[in-house]
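Quick note: the sequence shown uses the numbering used here, first residue 962, plus one each step.
Note that beta-carbon positions come from the ideal geometry of N, C-alpha and C, so glycine has one too.
Everything on this sheet refers to the single structure shown next.
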Amino acid sequence: NYGCKLMYREDDAGKKRGFHFFGGQGEHIPQYNIIEVIDAIKEDMGELTVKYEIDSDYTRVWVEFPVISADFSADYKKTDLIPGLYLETSDTSKCAFSVCGTIRQSKCCNVMYTKKVKKIHKGAFDAQKYKKEIEGSVFPEYRLYPQRFLDLALIDVTSPDDYINEMFEQTS
């Protein structure tokens, strides 16, 4: 059996446009699952800010946690680090549903990415289960990065701004 599925979009005039063929094993993971995951995470993380880019077959969302940024300030005496998440998905199998942690310097747009958790387009999607995977592998890394910054701060560098910017560029 070589069954496949066609994904199409229908405009207001009723015109249909094919976007993607799924093979026999491929599954449509609706893009609204991003909202489910963000809502599940928001329960524990509190206030958040969201930025997004959406096109016809690919969605990218950046979520940041300003409350945790305040925790970093208190714990590490480094006030300009903002933790967050980068979520991406495509309902046309352009990419798996994936989430990775981000840590951004508030004064610029430099971002470091942590481990990535992926859900391939196969089988059922459970936002709460996915949230547990994020909590188990992405969130623990948030504490590693500020500590690493503190360790690096002990290194004598003649131009700290250049060094930090170069470090961000190498890890981004």
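Pull up the distance between the alpha-carbon of residue i and that of residue j, whole angstroms please.
i	j	result
L1009	I1015	19 Å
Y1019	S1030	29 Å
V1072	V1118	21 Å
Y1047	K976	33 Å
R970	T1132	38 Å
V1011	N1126	24 Å
V1028	K966	43 Å
A974	P991	23 Å
Y1103	E1096	11 Å
P1121	E1094	36 Å
D1032	D1041	11 Å
L1109	S1017	It should be noted that the sequence gives Arg, not Leu, for residue 1109. Answer to the nearest angstrom: the Cα atoms are 39 Å apart.
How far does the beta strand (DSSP E) with residue i in it extend, from its first residue to its last?
i	result
K1012	1010 to 1015
Y969	966 to 971
K1080	1072 to 1080
I1043	1042 to 1050
For residue i versus residue j, is the C-beta distance shorter than 8 Å?
i	j	result
K1092	A1057	no
V1199	I1002	Past the edges of the chain, shown from 962 to 1133, lies residue 1199, and the structure says nothing about it.
I1064	Y1106	yes
V1024	G1045	yes
C1061	V1099	yes
A1088	E997	yes
S1059	K1077	yes
Taking the alpha helix (DSSP H) that residue i belongs to, which residues open and close that run?
i	result
K1003	994 to 1006
I1095	1088 to 1098
I1064	Where I1064 is concerned, there is no enclosing alpha helix (DSSP H), although the beta strand (DSSP E) it sits in stretches over 1058 to 1066.
T1020	Run containing T1020: none in the alpha helix (DSSP H); it sits in the beta strand (DSSP E), 1020 to 1025.
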